[in-house]
Amino acid sequence: MTQTNLPFQVGQIVEVKSFIKGYRGAWFRCKILEMTNENGELRYKFKYLDFPDEPLDNALVFETPKGGTESQLMLRPTYPPHYHESEYVNLEGDVEPLVVVHDSWKVGDLVDWLRDEIYWSGEIVAMKGRRSCQIELLPKPEGEGEVYLGLCKNLRPRLDWSVEDGWKVPCTVDGQKCAKIVTSKNEDEGIADECETAKEETKKATKQVEGSEGLRLNIMESESIEAAVLDIEELIVRLDWLKGKLKPDVGEGAKPYWKYEDYRPSSSGR
């Protein structure tokens, strides 16, 4: 990647990552003061906005952590505004882009934790009530690898950024995401309508099976979109199993005297 491929310019506010011991995996708010290309190495001179007494830093744009093997882009644009779903639904007008957090924080969520005016990348490893949690920072050499107790109000979703793809929400090891990127609220509302329909259908199904012993649906614990989708998938599996159980056990070559059929309403409307 060359200097001309990067969308940064002098005077721009950005976030800069550090691999300095004691600050590995941390993001700082900075202002670009100068851009240079020394012996084929891209360098930006930064001013730390939250630490005005710190000297200017002339840092490499691409850097490999000590002990690591892969070079990483060390700066990115200012982090987009982020909201919880309850706050997002009340926003007026179109938005571009922003980050919407799904419901409450939970174990396994990939986050940035604000401490001492710095955002530290890590993962929630334990919840301590509704307001606090334990965060494990990124493992060495990309992070400090320590575990800290922090307030949930000081968390934001961890994001990846690249010139090609822009902002992306990384997946956890089990493929889950704690947030979504919204580039157009009008477009997102169309998706939300479909998801709300799925949630309502799941609630109806829940009312019909609440009396079944041992059956617990995700929607009973959370009204999130993800819980509704998971319940629908589980109900489909249960229906397929039920169909198999309803098929009569007849001898080989014999024809069953009845069969299970899906109900399909008449298209005539009668």
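Residue numbers (full-length UniProt numbering): 1 to 270.
Note that beta-carbon positions come from the ideal geometry of N, C-alpha and C, so glycine has one too.
Quick caveat: nothing in here was measured; it's all calculated off a predicted structure.
Under the three-state DSSP convention, the category residue i falls into
i: residue 50; result: coil
i: residue 142; result: coil
i: residue 240; result: helix
i: residue 189; result: In this prediction, residue 189 scores a pLDDT of 46, lower than 50, which makes its location untrustworthy; no coordinate-derived value is stated.
i: residue 233; result: helix
i: residue 194; result: Caution is warranted here: a pLDDT of 42 is assigned to residue 194, below 50, making its placement in the model unreliable, and no coordinate value can be reported.
Residue i, enclosing beta strand (DSSP E) - first and last residue
i: residue 162; result: 160-162
i: residue 75; result: 75-77
i: residue 30; result: 26-38
i: residue 168; result: 166-168
i: residue 110; result: 110-115
i: residue 98; result: 98-101
i: residue 6; result: No beta strand (DSSP E) contains residue 6, which DSSP labels as neither H nor E.
i: residue 157; result: 155-157
Contact check, residue i vs residue j, beta carbons under 7 Å
i: residue 125; j: residue 142; result: no
i: residue 116; j: residue 158; result: no
i: residue 81; j: residue 60; result: no
i: residue 76; j: residue 15; result: yes
i: residue 173; j: residue 5; result: no
i: residue 45; j: residue 31; result: no
i: residue 152; j: residue 105; result: yes
i: residue 63; j: residue 74; result: yes
i: residue 25; j: residue 138; result: yes
i: residue 13; j: residue 69; result: no
For residue i, the residue or residues it bridges with in DSSP
i: residue 58; result: 45
i: residue 133; result: 127 and 150
i: residue 13; result: 31
i: residue 70; result: Answer is none; residue 70 lacks a bridge partner.
i: residue 179; result: 101
i: residue 118; result: 115
Continuous alpha helix (DSSP H) stretch holding residue i: start and end
i: residue 87; result: 85-88
Candidates the options, of which the one nearest residue i by Cα
i: residue 155; options: 121, 68, 129 and 182; result: 121
i: residue 57; options: 66, 78, 20 and 67; result: 20
i: residue 175; options: 29, 30, 109 and 72; result: 109
i: residue 149; options: 168, 165, 166 and 123; result: 123
i: residue 50; options: 71, 118 and 89; result: 118
i: residue 18; options: 11, 237, 10 and 27; result: 27
i: residue 100; options: 167, 24 and 9; result: 167
i: residue 132; options: 140, 107, 145 and 146; result: 107
i: residue 65; options: 89, 23, 102 and 13; result: 23
i: residue 130; options: 114, 232 and 103; result: 103
i: residue 52; options: 29, 38, 41 and 69; result: 29
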